[in-house]
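Numbering (my numbering), first residue to last: 55 to 167.
Below, the structure written as structure tokens:
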């Protein structure tokens, strides 16, 4: 995975770097998504996809820094955001399920039959 795939503008690109570049792209794109969602709503918004992009980008960057570069600074930089994103995604999903249950119409089934 450390073999050179291509040299682009003097930068040696390997499979690990492609994984890292993809992670950085996903992690950064979440802010453009958040900006678009907030502009559309006319107030600050964080859509669920924000947390998904955060987790996916963090995981890919962690893979790059653990296996591709073996860099403890990069590992620490993406380890915490990955955990926070996972927790917030969990909260978002469970909150949505609880809201759906609360707003569901009562069941028409007779009790005890």
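Heads up, the beta-carbon is just placed ideally off N, CA and C, and yes, glycines get one too.
Query raised in the report: If you check the beta carbons only, do residue 114 and residue 80 fall under 8 Å apart?
Result: yes
**Report entry** Distance between residue 158 and residue 169 (C-alpha atoms, nearest Å)
**Finding:** The structure shown does not extend to residue 169, since the chain is modelled only from 55 to 167, so the question has no answer here.
Query - Range of the contiguous alpha helix (DSSP H) that encloses residue 129 - result: 126-157
Requested in this report: With a cut-off of 8 Å on the beta carbons, I'd call residue 107 and residue 83 a contact; round off their distance for me.
Outcome: 6 Å
Query raised in the report: Distance, Cα to Cα, residue 72 vs residue 160?
Result: 51 Å
Report task. In the DSSP assignment, find the unbroken alpha helix (DSSP H) run with residue 36 in it and report its ends. Result -> Outside the shown range of the chain (55 to 167) lies residue 36, about which nothing can therefore be said.
Report task. Inspect the beta-carbon positions of residue 138 and residue 111 and report whether they are closer than 8 Å. Result -> no
Query - DSSP beta-bridge partners of residue 62 - result: 65
Query raised in the report: Does the beta-carbon distance from residue 24 to residue 89 come in below 8 Å?
Result: Residue 24 lies beyond the range of the chain shown here (55 to 167); nothing can be said about it.
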